[in-house]
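Undergrad: Once you've had a glance at the structure underneath, I'll fire off some questions.
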Amino acid sequence: MSTFGNIIWIILGGFVMALGWFIAGLICCITIIGIPLGIQAFKMGQLVLWPFGRTVDFSRMGAGSLILNIFWIIFFGWELAIGSAILGMLYCITVIGIPFGIQWFKFAKLALLPFGAEIINIPK
C-alpha cells in the first residue's frame, strides 16, 4: 500500500517539494561551510520523494543540531515550511487528500528542524 501511496504522492506534488529541497542543497553546497547543510537537504529531498512507510524521530537533537537548525531556519527552513503547510491545508480540504496533507504537515515540521532528525522506516 505504501508503494501505491508514494507513486500517487510523486504525481500530486511530492516531486515539486523534493525539487525545492534539492535546490536548497545545491545552494548550500556552493560554499565549504554550507556543505553540511546541503547534505542534510539532499537527505530530506530523498525522504520527500518517498514519504509513505517512513517516519521521522526528533528525539536525538543535541547542541550541535540546535545551532545548525537555527541557521537552517534563518536561510531556508521557513520558506520550505510555509510551502509545506500551505500544501497540507490544500490537500486536507478533501477526504481523499487527507493522507497526503498529513505528509505535508510532517514535512513542514521537518523543514524547520532537519538536523538531529532521524528518518526511520516503519516495519510492515
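Numbers given in my numbering equal positions in the sequence shown, counted from 1, plus 2. C-beta: ideal position from N, C-alpha, C; glycine also.
For the segment 106–126 against the segment 76–95, do three or more pairs of beta-carbon atoms, one drawn from each stretch, fall closer than 8 Å, so that the two count as touching?
TA: Segments in contact, yes.
Undergrad: By a C-beta neighbour count over all protein chains shown, 10 Å radius and 16 as the cutoff for buried, is L68 buried or exposed?
TA: Taking the first residue of the sequence shown as position 1, residue 68 is located at position 66. So L68 ends up on the exposed side.
Undergrad: Can you find the residues in the same chain that come closer than 6 Å, C-beta to C-beta, to F54, ignoring five residues on each side of it along the sequence?
TA: Here residue 54 refers to the residue found at position 52 when the sequence shown is read from its first residue. Counting only Cβ-Cβ distances below 6 Å, and skipping sequence neighbours, we find S4, G7, N8.
Undergrad: In its own chain, which residues sit with a C-beta less than 6 Å from the C-beta of L70, not counting the 5 before and 5 after it?
TA: As a working mapping, residue 70 is identified with position 68 in the sequence shown. If we look at L70 and ignore the five residues flanking it on each side, its Cβ neighbours are F117.
Undergrad: In terms of DSSP beta bridges, what is R56 paired with?
TA: For the purposes of this step, residue 56 is identified with residue 54 of the sequence shown, where counting begins at 1. Answer by DSSP bridge pairing, in chain order: N123.
Undergrad: Along the chain, where does the alpha helix (DSSP H) that runs through P116 open and close?
TA: Against the sequence shown, residue 116 aligns to sequence position 114. No alpha helix (DSSP H) contains P116, which DSSP labels as neither H nor E.
Undergrad: Would you grab the beta carbon distance between V58 and I121 for me? Rounded to a whole angstrom, and I think it's under 8 Å.
TA: By one-based count along the sequence shown, residue 58 stands at place 56. By one-based count along the sequence shown, residue 121 stands at place 119. Yes, V58 and I121 are in contact; Cβ-Cβ is about 6 Å, under 8 Å.
Undergrad: Give the single residue among P125, V97, C30 whose Cα lies nearest to the Cα of I76.
TA: Within the sequence shown, numbered from 1, the residue matching residue 76 stands at position 74. Closest option to I76, Cα to Cα, is C30.
Undergrad: Excluding sequence positions up to five away, which residues of its chain have a Cβ less than 7 Å from the Cβ of F102?
TA: Locating residue 102 in the sequence shown gives position 100, where the first residue counts as 1. W11, L14, Y93, listed in sequence order.
Undergrad: What number of angstroms, rounded off, separates the C-alpha of P38 from the C-alpha of I124?
TA: Within the sequence shown, residue 38 is the residue found at index 36, counting from 1. Within the sequence shown, residue 124 is the residue found at index 122, counting from 1. Cα to Cα, P38 sits roughly 26 Å from I124.
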